[in-house]
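A.B. asks: Take this structure first; my questions come after.
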Amino acid sequence: EEQRSLLLSTASRFPLPQGFKPSYGTAGFRAEASLLPSTLYRMGILGALRALKTQSVIGIMITASHNQVSDNGVKIVDPTGGMLSQDWEPFADSLANAPTADCLIQLISDKIERCGEKKVEVLVGRDTRPSGPSLLEATKLGIGLIIGAVAIDVGILTTPQLHWMVRASNCSTRAAEFDYFEQLSMSFRCLMDLIPGGGESIEGFHKLVVDGANGVGGEKLLVLKEMLNLKGLELEVRNTGSGGGVLNEGVGADFVQKEKVVPSGFGSQDVGIRCASLDGDADRFVYFIVPSKNSDKIELVDGDKILSLFAIFIKEQLSILMKKTDGAGNDYQCRIGVVQTAYANGASTDYLKQLGLEVVLTPTGVKHLHEKAAQYDIGIYFEANGHGTVLFSEPFLHWLEAKNDELSSGAQDPEQRNAALRLLAVSKLINQAIGDAISGILLVEAILRHMKWSIHRWSELYHDLPSKQLKVKVVDRTAVVTANAETEVVKPPGLQEAINAETAKYSKGRCFIRPSGTEDVIRVYAEASTQDEANTLANSVANLAD
Ligand code: NG1
Ligand code: ZN
Numbered sequence: 003e004e005q006r007s008l009l010l011s012t013a014s015r016f017p018l019p020q021g022f023k024p025s026y027g028t029a030g031f032r033a034e035a036s037l038l039p040s041t042l043y044r045m046g047i048l049g050a051l052r053a054l055k056t057q058s059v060i061g062i063m064i065t066a067s068h069n070q071v072s073d074n075g076v077k078i079v080d081p082t083g084g085m086l087s088q089d090w091e092p093f094a095d096s097l098a099n100a101p102t103a104d105c106l107i108q109l110i111s112d113k114i115e116r117c118g119e120k121k122v123e124v125l126v127g128r129d130t131r132p133s134g135p136s137l138l139e140a141t142k143l144g145i146g147l148i149i150g151a152v153a154i155d156v157g158i159l160t161t162p163q164l165h166w167m168v169r170a171s172n173c174s175t176r177a178a179e180f181d182y183f184e185q186l187s188m189s190f191r192c193l194m195d196l197i198p199g200g201g202e203s204i205e206g207f208h209k210l211v212v213d214g215a216n217g218v219g220g221e222k223l224l225v226l227k228e229m230l231n232l233k234g235l236e237l238e239v240r241n242t243g244s245g246g247g248v249l250n251e252g253v254g255a256d257f258v259q260k261e262k263v264v265p266s267g268f269g270s271q272d273v274g275i276r277c278a279s280l281d282g283d284a285d286r287f288v289y290f291i292v293p294s295k296n297s298d299k300i301e302l303v304d305g306d307k308i309l310s311l312f313a314i315f316i317k318e319q320l321s322i323l324m325k326k327t328d329g330a331g332n333d334y335q336c337r338i339g340v341v342q343t344a345y346a347n348g349a350s351t352d353y354l355k356q357l358g359l360e361v362v363l364t365p366t367g368v369k370h371l372h373e374k375a376a377q378y379d380i381g382i383y384f385e386a387n388g389h390g391t392v393l394f395s396e397p398f399l400h401w402l403e404a405k406n407d408e409l410s411s412g413a414q415d416p417e418q419r420n421a422a423l424r425l426l427a428v429s430k431l432i433n434q435a436i437g438d439a440i441s442g443i444l445l446v447e448a449i450l451r452h453m454k455w456s457i458h459r460w461s462e463l464y465h466d467l468p469s470k471q472l473k474v475k476v477v478d479r480t481a482v483v484t485a486n487a488e489t490e491v492v493k494p495p496g497l498q499e500a501i502n503a504e505t506a507k508y509s510k511g512r513c514f515i516r517p518s519g520t521e522d523v524i525r526v527y528a529e530a531s532t533q534d535e536a537n538t539l540a541n542s543v544a545n546l547a548d
């Protein structure tokens with residue numbers, strides 16, 4: 003009863019704006035920030051209910067990632083550190099759209115669980131957006147309504163830091179921000195120490211210059227650099243936001259990947275240097291090269307190439323580890339899987355298959371890729387835009403630990419033991435909860451040094467097929483329904499046949515369309531053997547979709 007009257011009084015402070023229909027989408031709710039207080043208040047309630055239901059720590063991240071600074075949004079983090087379980091998404095939609103306080107009360111009482119003896123925690127993090135503090139207050143009020151749940155403000159964090167903290171809290175390991183930095187730097191140093199001949203004094207490794215998108219990631223990278231000894235990694239961070247630049251405006255991984263031009267703050271002084279770019283909440287990253295002084299075009303090293311680099315290294319270490327010695331067989335069949343979406347460049351998929359890897363496609367959105375990757379012993383997933391990570395299964399990690407112990411006692415090949423140690427270090431360095439730009443960059447840097455590869459050598463692994471992405475504004479994007487990892491249109495009828503007919507006109511043509519999960523548009527993606535052909539194919543299919 004007390005709860006009910008508190009709810010009635012607070013709910014009236016957060017009315018659902020007229021005409022606003024929030025939808026959970028590819029990665030949570032996003033909108034212009036002034037529309038969002040009611041959504042955050044309700045997601046506070048949802049986080050608390052989820053914490054009660056799972057009797058575990060839950061996370062709420064207030065961010066709109068790569069979107070413009072006036073937007074904001076919210077992502078819910080489940081106990082494992084992954085995104086909110088998909089079977090709760092419809093409930094999130096109903097809660098966010100409940101028209102009245104009575105509806106809200108009804109929805110809550112249908113879902114509420116009895117509280118246990120111990121209070122359950124909901125960790126609330128946010129990025130650097132100016133609307134963050136007021137949305138945080140709305141979220142805390144929502145959490146506070148549910149008896150048995152308690153809100154913990156964990157301050158300004160990258161999205162993957164919050165995911166990591168939720169996961170660590172539920173594994174009852176140390177879960178503070180400091181512990182995150184310490185785990186990353188320890189495993190990074192371990193990989194550097196295991197480089198044959200030592201990782202520190204390799205010639206030809208210039209500094210890495212990072213574009214922080216004027217968001218939270220650059221700031222955190224600086225903390226990591228200050229606080230811990232990153233053996234031989236020389237790092238310069240630009241666009242940290244402190245210089246007055248605007249979040250995601252002409253900077254950041256999304257801008258760099260889509261526009262393929264230098265972000266602001268970069269230019270002719272960077273020709274040939276290894277550069278990386280984070281997105282606004284640091285869960286995505288890409289690398290790039292400025293090829294010439296006379297143009298603002300960049301050479302992009304995208305998520306597909308990051309995936310390829312990780313796959314090569316891991317496969318190599320596994321084969322060293324599994325090498326048969328003295329006729330002794332190996333007792334573990336390690337299944338490696340590579341997970342991409344239809345946006346992966348066709349050349350990358352061919353390349354990975356040539357390496358003998360199993361490649362699967364899922365629909366867009368990390369929740370789909372993550373789920374698939376978790377089915378392997380080592381699952382490597384990346385979206386072309388730079389969102390991804392490497393997942394290690396529990397049974398495989400147990401086996402690896404045991405193998406490592408066994409190898410350290412015997413008189414075997416030291417490289418075999420080193421391979422086990424490297425794989426263990428990778429599993430600690432790369433975020434097991436979600437794609438993480440900071441941990442991803444550290445892994446790229448360690449692997450490049452291990453291979454003694456320049457960014458140019460890496461970029462030359464294969465050549466991207468020319469591609470083109472377009473957006474089409476339509477009256478109703480839900481009219482387009484796709485199947486087969488979004489590569490085929492099943493509704494409206496006849497559209498896929500028309501796309502096929504168009505695509506068949508081009509050598510190496512590939513094209514698909516799908517409704518966006520984050521914007522009110524239909525996306526068109528086309529690939530062909532030349533840029534002109536990719537452009538024309540995309541344009542003609544965009545006309546079909548219109
Ligand atoms: P939508 O709007 O559903 O295409 C976009 C990205 C996704 C993912 C989400 C979440 C593309 C083509 N799509 O989804 O990869 O990153 O945003 O941020 O880049
Ligand atoms: Zn992001």
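Under the numbering used here, the first residue of the sequence shown carries the number 3, and numbering increases by one thereafter. Glycine included, each C-beta is placed from N, C-alpha and C at the ideal position.
1. At the level of alpha carbons, what is the spacing between F257 and I107?
2. Would the beta-carbon of A448 fall within 7 Å of that of L226?
3. Need the endpoints of the beta strand (DSSP E) that Q157 sits in, please.
4. What are the boundary residues of the alpha helix (DSSP H) that includes D104?
5. Rounded to whole angstroms, what is the Cα-Cα separation between N502 and S441?
6. Within the same chain, show all residues whose beta-carbon is closer than 8 Å to that of K23, passing over the 5 residues directly before and after it, in chain order.
7. Just grab the DSSP bridge partners of D306 for me.
8. Beta-carbon within less than 6 Å of T489's beta-carbon, same chain only, minus the 5 sequence neighbours each way: which residues are those?
9. Suppose the cutoff is 6 Å on Cβ atoms and the five residues either side in sequence are ignored; what does the same chain contact list for L302 look like?
10. Less than 7 Å between the beta carbons of A439 and L311, yes or no?
11. To the nearest angstrom, how far is it from the Cα of F384 to the Cα of V152?
12. Can you name the start and end residues of the alpha helix (DSSP H) that F190 belongs to?
13. From K2 to L371, what distance separates their C-alpha atoms?
14. Pull up the DSSP beta-bridge partners for L280, would you.
15. Report the residue ranges of all beta strand (DSSP E) runs contained in full by the stretch 34-121; include only those spanning at least 3 residues, in chain order.
16. Could you tell me if K405 is buried or exposed, where buried requires 16 or more neighbouring beta carbons within 10 angstroms of its beta carbon?
17. Buried or exposed: N216, going by 16 or more other Cβ atoms within 10 Å of its Cβ?
18. In angstroms, rounded to a whole number, what distance separates the CA positions of N241 and D213?
19. Is there contact between the stretch 74-84 and the stretch 42-62, where contact requires at least three CB pairs shorter than 8 Å?
20. Which partner residues does Y527 have in the DSSP bridge list?
21. So, helix, strand or coil for Q533, using DSSP?
22. Quickly, what does DSSP pair F394 with across the bridge? List them, please.
23. By Cβ distance, which residues of its chain are closer than 6 Å to S509, with the 5 residues on each side in sequence left out?
24. Is the beta carbon of V543 closer than 7 Å to that of E499?
25. Is it true that the stretch 378-396 meets the stretch 45-65, where meeting means three or more beta-carbon pairs spaced less than 8 Å apart?
26. Relative to the ligand NG1, what is the chain-ordered list of residues with a Cβ closer than 6 Å to any of its non-hydrogen atoms?
27. The ligand ZN and R176: does the residue's C-beta get closer than 6 Å to at least one heavy atom of that ligand?
28. Is it right to say E396 is buried, meaning 16 or more other beta carbons lie within 10 angstroms of its own, or is it exposed?
29. May I ask you to check if the CB of R512 is nearer than 6 Å to at least one heavy atom of the ligand SAM?
30. May I ask you to report which of helix, strand or coil DSSP gives T141?
31. What residue from L9, L425 and I60 has the CA that sits closest to L164's CA?
32. What did DSSP end up calling I436 once you bin it into helix, strand or coil?
33. What is the DSSP secondary structure of R451, reduced to helix, strand or coil?
34. Between which two residues does the alpha helix (DSSP H) carrying V258 extend?
35. Take the Cβ of L10 as the centre, count every other Cβ of all protein chains shown within 10 Å, and call the residue buried at 16 or more, exposed below.
36. Can you check DSSP and say which residues form a bridge with A485?
C.D. replies: The answer reads as follows:
1. One-based indexing of the sequence shown puts residue 257 at position 255. One-based indexing of the sequence shown puts residue 107 at position 105. Computed Cα separation, rounded: 42 Å.
2. Numbered from 1 along the sequence shown, position 446 holds the residue referred to as residue 448. Numbered from 1 along the sequence shown, position 224 holds the residue referred to as residue 226. Against a cut-off of 7 Å, the Cβ pair of L226 and A448 comes out as no contact.
3. Taking the sequence shown and counting its residues from 1, one reaches residue 157 at position 155. One point to set straight first is that residue 157 is Gly, not Gln, in the sequence displayed. First-last of the beta strand (DSSP E) with G157: A151 to I158.
4. On the sequence shown, residue 104 is found 102 positions in, with the first residue counted as 1. Counting along the chain, the alpha helix (DSSP H) containing D104 begins and ends at A103 to K113.
5. Along the sequence shown, read from residue 1 onward, the residue named residue 502 stands at position 500. Along the sequence shown, read from residue 1 onward, the residue named residue 441 stands at position 439. If I take the Cα positions, the gap works out to 40 Å.
6. Start at 1 with the first residue of the sequence shown, and residue 23 comes out as number 21. Excluding positions up to five away in sequence, the list reads N99.
7. Within the sequence shown, residue 306 is the residue found at index 304, counting from 1. None, per the DSSP bridge assignment.
8. As a first step, residue 489 must be located in the sequence shown, where it is residue number 487. The answer, listed in chain order, is A344 and F514.
9. Against the sequence shown, residue 302 aligns to sequence position 300. Around L302: K262 and F290.
10. Against the sequence shown, residue 439 aligns to sequence position 437. Against the sequence shown, residue 311 aligns to sequence position 309. No, the pair does not count as a contact, with Cβ atoms beyond the cut-off.
11. Counted from its first residue, the sequence shown places residue 384 at position 382. Counted from its first residue, the sequence shown places residue 152 at position 150. Straight across, the Cα-Cα distance linking F384 with V152 is about 34 Å.
12. Here residue 190 refers to the residue found at position 188 of the sequence shown. It spans E179 to D195 - the alpha helix (DSSP H) in which F190 sits, taken as one unbroken run.
13. Only positions 3 to 548 of the chain appear in the structure, and residue 2 is not among them; the question remains open.
14. On the sequence shown, position 278 is the one that residue 280 refers to. According to DSSP, L280 bridges with F287.
15. 60-64 and 73-79
16. Mapped onto the sequence shown, residue 405 falls at position 403. Buried.
17. Here residue 216 refers to the residue found at position 214 of the sequence shown. The residue in question, N216, is buried, as its Cβ has 16 or more Cβ neighbours within 10 Å.
18. Counting from one through the sequence shown, the residue named residue 241 turns up at place 239. Counting from one through the sequence shown, the residue named residue 213 turns up at place 211. If you take the alpha carbons of N241 and D213, they lie about 6 Å apart.
19. yes
20. Here the question's residue 527 lines up with position 525 in the sequence shown. BP columns for Y527 point to Q471 and F514.
21. Working through the sequence shown from its first residue, we reach residue 533 at position 531. Helix, per DSSP.
22. Indexing the sequence shown from 1 puts residue 394 at position 392. Partner(s): I380.
23. Start at 1 with the first residue of the sequence shown, and residue 509 comes out as number 507. Hits under 6 Å: S531.
24. Here residue 499 is taken as the residue at index 497 of the sequence shown, counted from 1. Here residue 543 is taken as the residue at index 541 of the sequence shown, counted from 1. Going by C-beta atoms, E499 is not nearer than 7 Å to V543.
25. The stretch 378-396 vs the stretch 45-65: no contact.
26. Qualifying residues, in the order they occur: T28, A29, S67, Y345, T366, G367, E385, N387, H389, S518, G519, T520, E521 and R525.
27. Working through the sequence shown from its first residue, we reach residue 176 at position 174. Not under cutoff, so the answer is no.
28. One-based indexing of the sequence shown puts residue 396 at position 394. Exposed is the call here.
29. The ligand SAM is absent from the structure shown, which contains only the ligand NG1 and the ligand ZN.
30. The count along the sequence shown starts at 1 and reaches residue 141 at position 139. T141 falls in the helix class under three-state DSSP.
31. The count along the sequence shown starts at 1 and reaches residue 164 at position 162. It is I60 whose Cα lies nearest to the Cα of L164.
32. If you number the sequence shown from 1, residue 436 lands on position 434. Coil at I436, not helix or strand.
33. Reading the sequence shown from its first residue, position 449 is the one you call residue 451. DSSP places R451 in helix when its eight states are reduced to three.
34. To locate residue 258, count along the sequence shown from 1; it is residue 256. It spans A255 to E261 - the alpha helix (DSSP H) in which V258 sits, taken as one unbroken run.
35. Locating residue 10 in the sequence shown gives position 8, where the first residue counts as 1. Classification of L10: exposed, given that the 10 Å Cβ count is below 16.
36. Start at 1 with the first residue of the sequence shown, and residue 485 comes out as number 483. Looking at the DSSP assignment, A485 forms a beta bridge with E490.
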